[in-house]
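Q: Those protein sequence lines, which keep their order, are chains A and B.
Under our numbering, think of the first position of the first sequence as 1114, with each following residue one higher.
Under our numbering, think of the first position of the second sequence as 1114, with each following residue one higher.
Number of protein chains: 2
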Amino acid sequence: MAKELKDLTKSDDNYSRWYNELVVKAGLAETSAVRGCMVIKPYGYAIWEKMHDVLDKMFKETGHQNAYFPLFIPKSFFSKEAHHVEGFAKECAVVTHYRLKNDPHGNGIVVDPDAKLEEELIVRPTSETIIWNTYKNWIQSYRDLPILCNQWANVVRWEMRTRLFLRTAEFLWQEGHTAHATREEAIAEAEKMINVYRDFAENWMSLPVIVGHKSPNERFAGAEDTLTIEALMQDGKALQSGTSHFLGQNFAKAFDVQFVNKEGKRDYVWATSWGVSTRLMGALIMAHSDNNGLVLPPKLAPIQVVMVPIYKTEEQLKAIVERFEAIAAQLKAKGISVKIDDRDNVRPGFKFSEYELKGVPVRLAMGGRDMENNTVELVRRDTLEKETVSQEGLVELVEKLMTDIQQNIFKKAYDYRQSMITKVDTWEEFKRVLDEKGGFISAHWDGTVETEVAIKDATKATIRCIPFDVEEEEGKCIFTGKPSHRRVLFARSY
Amino acid sequence: MAKELKDLTKSDDNYSRWYNELVVKAGLAETSAVRGCMVIKPYGYAIWEKMHDVLDKMFKETGHQNAYFPLFIPKSFFSKEAHHVEGFAKECAVVTHYRLKNDPHGNGIVVDPDAKLEEELIVRPTSETIIWNTYKNWIQSYRDLPILCNQWANVVRWEMRTRLFLRTAEFLWQEGHTAHATREEAIAEAEKMINVYRDFAENWMSLPVIVGHKSPNERFAGAEDTLTIEALMQDGKALQSGTSHFLGQNFAKAFDVQFVNKEGKRDYVWATSWGVSTRLMGALIMAHSDNNGLVLPPKLAPIQVVMVPIYKTEEQLKAIVERFEAIAAQLKAKGISVKIDDRDNVRPGFKFSEYELKGVPVRLAMGGRDMENNTVELVRRDTLEKETVSQEGLVELVEKLMTDIQQNIFKKAYDYRQSMITKVDTWEEFKRVLDEKGGFISAHWDGTVETEVAIKDATKATIRCIPFDVEEEEGKCIFTGKPSHRRVLFARSY
């Protein structure tokens, strides 16, 4: 591990390689034998589980219920919503057969050609179509509305270039799908859920995000409006971290989902959908980590405090571990998770490196002198500050550190993000800032898809969002010079 | 709903139809547009979530961690373990292509023939192969062992005849996959986990189960020993509710997973796997429910207490709901989940039927006279006993009922199960009991696969298990007359 850590590429040298190595070395995930699919290892999955549990609670507190819909979608369903089929990527896993058989020539197994499906099934890339086909049978009257369902599921998009957590062929996510009697209620739902995501990102992941509307070209295929939370990574690239879509009546019309409203008239149902995925793991890693490894916000850290005994004799080890156990019991009573690492086959320095790599927020080390002095060596992961503190009041100190570290890494990410929003008023400056500084560029845009696409083609920068809190301001589009009424945020992105 | 309930087929008239109707009418699940795949509706999913949460806690308390492995398995992996490929059903969903495209003739979308996979991918029917292919890279030395991983996942087996929860093409499950340094440790793990399942079935689902070994013909393909929990449904058929496999070194050899043991010698790793699925939902429903609907054990009921106001005026409704809210707050403080149903568009009788159908353990109704007398009408779902009780001490009474009902439905199922184990010593009696009474038949068997298969062909009865607690007893095989040293349990099964 110490060797492995030494081998970790420096983030300044090659950010992309640093990220990939960190994900693997910290035991979060690895590539699998199946192209583009990852194995989420126990330590990585433990973080995802915490994300799952917190989000799930937030969804339930906002009135949602979980359900589960099929993995497969009949191919014909994709053609039913015109924008959906046009805009959605066609890279999907297609099931064509339903049986294997022993190779008649004795070479293992082969696909049975007699077992061809009449209609191919698509492994869900997202579930609007199958869910709205189901909702048709659930909704007759306004009394059946709203339907506020969420599902936790795996989805597959056959990406050509994949990266662990950020872009994988299979990934885990949640997708909320709601049905409403009015346009206003659906819009309010979409806004409510993007704010749930903002709350989660900022207060649990310590990840500052900008909330806004997607521009038409970046909208979800089939949506009338897409809301997004956009985060900034340490290399100056943006990462879309969650989206919430107002779908209008598009899917209701495609699947003929009508209801009788309070006035006794038939109308199509209004829809939203919203989701976050294991991509959040990528955001978490890239927002806070450093050349020593992960930096995890305490609220999502599987291990919040690690204790390492420094000993010369078996007897001393036993005494130190006993002292640690007493402290650990008090910490656990306060809901703080603790690991005592009493392994005897690796040295303390190795353990220090390992837990830095894994981003454990607080490390306590205790040796013979500490035992005598009733002290402990405390290192916080976010600043790597080391101090020797008294065992008296240690529990309260660690409890306070959980909050301090959570806030400190948010503040650090926030200050960085704020320093990386640059107002730009000319095309030359736009290109220069993009290449030399990166981050978000706040600039005027004429509001057309043509300009958006032309800017993307020229620079690889896209409109990340039109922020909720943008101020009206007259100006000229940096690309066409045409009039504009507000600035939007551009960036290169993951 | 009242009408729907009236339409519920009586279980005596047609048990199979009763089951299907109940699953749908109680809002647990329904068939989907995809053949054999089900939609798990919010009320059904809420029960599954409770199962998930309890089991997950039990797994973690026994030292396991969650991880996530790919949905897809390369076809060639299935050929690597000889017994696995021989014995495992070949009905699998096969992915052959990775892209769709717009039909050049304008008829929606078609599969892109240029996007054919070099090697077909199988949607996992179970994950031993992909996981052991992964473990190969995780294990070098005995210090890397044991690996105690579990995953919660969806799996697909292309069943020809499907039934909601009991047998569906896609289902949800957990699969534990552990790796050990010694044979003894792996066997102990397999036993530990079947006992976790037993604990869960009996103490959470109120489902008595018989724990034992599968006979060779019923073993998991690739296992040296399969342990099982077998439950009895109300129609006298057995239902395999969970299995735990000792896999020997079979998968380690197939995927070349070796380690250096404490003595410095290389050896193959020992394995177990174990799983339960949404099939448990079927077991839960069939073990306890009646002609009025579901009967849920309080520990797994999404709503434990429902409160129904009986009112004449708006004012009275308000007063009753206020009183209910005060009681509900006290119940919630004790961890009991409560729903107050103040809908004004359906009558109390309709609500009563609905919550009986949904199996809510305790129903409280309050009317004007109850308000005056400080009483409430209480109905427990398991016995349908109705009594008027004082509001004084109501919270304690309901709390006690949660335990009483949990135990009572276990006892009822246990007594029934015990009454349905019949000792049989002749072939004629075997066939007669099977046809006229059903249930488990305790009989001698000569220990050969040939006899097992012959009995199955003749009667559709299989050996459900060789119980852990079976007593040694000399006798003669009911089919061949050959000597036998213990009885085994036969039954027809789901």
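Even for Gly, the Cβ is constructed at its ideal location relative to N, Cα and C.
#1: One question on the structure: do Lys-1154 (chain B) and Ala-1180 (chain A) come within less than 7 Å of each other, judged by their Cβ atoms?
#2: Taking the alpha carbon of Met-1273 (chain B) as the point to measure from, which residue in A:Ile-1307, A:Glu-1586, A:Thr-1496 and A:Arg-1212 has its own alpha carbon closest?
#3: Could you give the C-beta distance for Ala-1336 (chain B) and Leu-1360 (chain B), rounded to a whole number, given that I count them as a contact under 8 Å?
#4: In chain A, which residues lie with their C-beta within 8 Å of the C-beta of Asn-1267 (chain B)?
#5: Considering only the alpha carbon of each residue, which of A:Leu-1510, A:Ser-1354, A:Tyr-1529 and A:Asn-1308 lies closest to Arg-1280 (chain A)?
#6: To the nearest angstrom, how far is the alpha carbon of Glu-1512 (chain A) from that of Ile-1518 (chain A)?
#7: Quick one: what's got a C-beta closer than 7 Å to Ala-1115 (chain B)'s C-beta in the same chain, skipping five residues either side?
#8: Step through the CB atoms of chain A and report whether any lies within less than 7 Å of the CB of Asp-1120 (chain B).
#9: Hey, would you say Asp-1559 (chain B) sits closer than 7 Å to Cys-1590 (chain B), going by beta carbons?
#10: Just checking my contact of Ile-1243 (chain B) with Ala-1266 (chain A) at CB under 8 Å: how many whole Å lie between their CB atoms?
#11: Quick one: grab the DSSP three-state call for Ala-1303 (chain B).
#12: Of all the options B:Leu-1261, B:Phe-1191 and B:Lys-1170, which has the alpha carbon lying nearest to the alpha carbon of Ile-1387 (chain B)?
#13: From the DSSP output, in three-state form, read off Ala-1526 (chain B) for me.
#14: Quick check on this structure: which residue in A:His-1326, A:Phe-1553 and A:Ser-1450 has the alpha carbon closest to the alpha carbon of Val-1508 (chain A)?
#15: What three-state label does DSSP hand Val-1434 (chain A) in the structure shown?
#16: Distance, Cα to Cα, Leu-1277 (chain A) vs Val-1136 (chain A)?
#17: Can you tell which of B:Glu-1563, B:Val-1309, B:Glu-1233 and B:Val-1489 has the C-alpha that lies nearest to the C-alpha of Met-1171 (chain B)?
#18: If you follow the beta strand (DSSP E) that Lys-1358 (chain B) is part of, which residue opens it and which one closes it?
#19: Would you report the Cα separation of Ile-1252 (chain B) and Val-1566 (chain B), rounded to the nearest angstrom?
#20: Counting C-beta neighbours from all protein chains within 10 Å, is the total for Val-1473 (chain B) 16 or more, i.e. buried, or is it exposed?
#21: Taking the alpha helix (DSSP H) that Asp-1380 (chain B) belongs to, which residues open and close that run?
#22: Residues of the stretch 1203-1231 of chain B with a CB closer than 7 Å to any CB of chain A: list them in chain order, please.
#23: Looking at the C-beta of Val-1419 (chain A), does it have a partner C-beta in chain B at a distance below 7 Å?
#24: Could you tell me the alpha carbon to alpha carbon distance between Asn-1404 (chain A) and Ala-1478 (chain A), rounded to whole angstroms?
#25: Can you pull the chain B residues whose beta carbon is under 8 Å from the beta carbon of Pro-1155 (chain A), in chain order?
#26: Exposed or buried, Pro-1410 (chain B), counting other C-beta atoms within 10 Å across all chains shown (16 or more means buried)?
#27: Restricting to Cα atoms, I'd like to know which of A:Lys-1138, A:His-1196, A:Gly-1289 and A:Arg-1130 is closest to Asp-1169 (chain A).
#28: Could you list which residues in chain B have their beta carbon closer than 9 Å to that of Asn-1133 (chain A), in chain order?
#29: Do the CB positions of Thr-1564 (chain A) and Phe-1592 (chain A) come within less than 7 Å of each other?
#30: Specify, as a first and last residue, the run of the alpha helix (DSSP H) that Thr-1572 (chain B) falls within.
#31: Taking DSSP as the reference, what is the three-state secondary structure of Phe-1592 (chain B)?
#32: In whole angstroms, give me the CA-to-CA distance for Pro-1217 (chain A) and Lys-1188 (chain B).
#33: If we call anything under 7 Å between Cβ atoms a contact, is Ser-1503 (chain A) one with Thr-1516 (chain A)?
#34: Sort out for me which residues DSSP pairs Pro-1422 (chain B) with in a bridge.
#35: Let's see if you can read the secondary structure: which residues bound the beta strand (DSSP E) around Lys-1499 (chain A)?
#36: Please state whether DSSP places Ser-1319 (chain A) in a helix, a strand or coil.
A: Looking at the atomic coordinates:
#1: Between Lys-1154 (chain B) and Ala-1180 (chain A), the gap from beta carbon to beta carbon is short of 7 Å.
#2: If we check each option's Cα against that of Met-1273 (chain B), A:Arg-1212 comes out closest.
#3: A Cβ-Cβ distance of about 5 Å is found for the pair Ala-1336 (chain B) and Leu-1360 (chain B), placing them in contact under the 8 Å criterion.
#4: Correct list: Leu-1184, Ala-1266 and Asn-1267.
#5: Of the residues A:Leu-1510, A:Ser-1354, A:Tyr-1529 and A:Asn-1308, the one whose Cα lies closest to the Cα of Arg-1280 (chain A) is A:Ser-1354.
#6: Going from the Cα of Glu-1512 (chain A) to the Cα of Ile-1518 (chain A) covers about 10 Å.
#7: Low confidence applies here, because Ala-1115 (chain B) scores a pLDDT of 48, under 50, leaving its location unreliable; read the following figure in that light. So the qualifying residues of the chain are Gly-1462, Phe-1463 and Ser-1466.
#8: Taking Cβ atoms only, chain A never reaches closer than 7 Å to Asp-1120 (chain B), which makes this a no.
#9: Yes, the Cβ-Cβ distance between Asp-1559 (chain B) and Cys-1590 (chain B) is below 7 Å.
#10: The pair is not a contact, with the Cβ atoms about 19 Å apart (cut-off 8 Å).
#11: In the structure shown, Ala-1303 (chain B) sits in a helix (DSSP, three-state: H, G or I).
#12: In the sequence as displayed, the identity of residue 1387 (chain B) is Trp instead of Ile. Closest by alpha carbon: B:Leu-1261.
#13: The answer is helix: DSSP assigns Ala-1526 (chain B) an H, G or I state.
#14: Nearest option by C-alpha distance: A:Ser-1450.
#15: Reduced to three states, the DSSP call for Val-1434 (chain A) is helix.
#16: The straight-line gap from Cα to Cα measures roughly 8 Å.
#17: The shortest Cα separation from Met-1171 (chain B) among B:Glu-1563, B:Val-1309, B:Glu-1233 and B:Val-1489 belongs to B:Val-1309.
#18: Residue identity check: residue 1358 (chain B) is His in the sequence provided, not Lys. First-last of the beta strand (DSSP E) with His-1358 (chain B): 1351-1361.
#19: So the two alpha carbons sit approximately 40 Å from each other.
#20: Result: buried.
#21: Under the DSSP assignment, Asp-1380 (chain B) falls outside any alpha helix (DSSP H), being part of the beta strand (DSSP E) whose first and last residues are 1379-1381.
#22: Going along the stretch 1203-1231 of chain B in chain order, one finds Lys-1203, Glu-1204, Cys-1205, Ala-1206, Val-1207, Val-1208, Thr-1209, His-1210, Tyr-1211, Arg-1212, Leu-1213, Lys-1214, Gly-1221, Ile-1222 and Val-1224 with a Cβ nearer than 7 Å to chain A.
#23: No, Val-1419 (chain A) does not count as interfacial toward chain B.
#24: Answer to the nearest angstrom: the Cα atoms are 22 Å apart.
#25: Within 8 Å Cβ-Cβ: Gln-1178, Asn-1179, Ala-1180 and Cys-1262.
#26: Result: buried.
#27: Among A:Lys-1138, A:His-1196, A:Gly-1289 and A:Arg-1130, the Cα nearest to that of Asp-1169 (chain A) is on A:Gly-1289.
#28: For Asn-1133 (chain A), no chain B residue has a C-beta closer than 9 Å to its own C-beta; the minimum C-beta separation is roughly 16 Å.
#29: It is a contact, given that the beta carbons lie within the stated cut-off.
#30: Where Thr-1572 (chain B) is concerned, the enclosing alpha helix (DSSP H) stretches over 1562-1572.
#31: Note: Phe-1592 (chain B) maps to coil in three-state DSSP.
#32: Spanning the two alpha carbons is a distance of roughly 16 Å.
#33: Their beta carbons are not under 7 Å apart, which means Ser-1503 (chain A) does not touch Thr-1516 (chain A) by this criterion.
#34: In the DSSP assignment, Pro-1422 (chain B) is bridged to B:Met-1479.
#35: 1499-1503 is the span of the beta strand (DSSP E), which, as asked, contains Lys-1499 (chain A).
#36: In this structure, DSSP gives Ser-1319 (chain A) a state outside helix and strand, which the three-state scheme calls coil.
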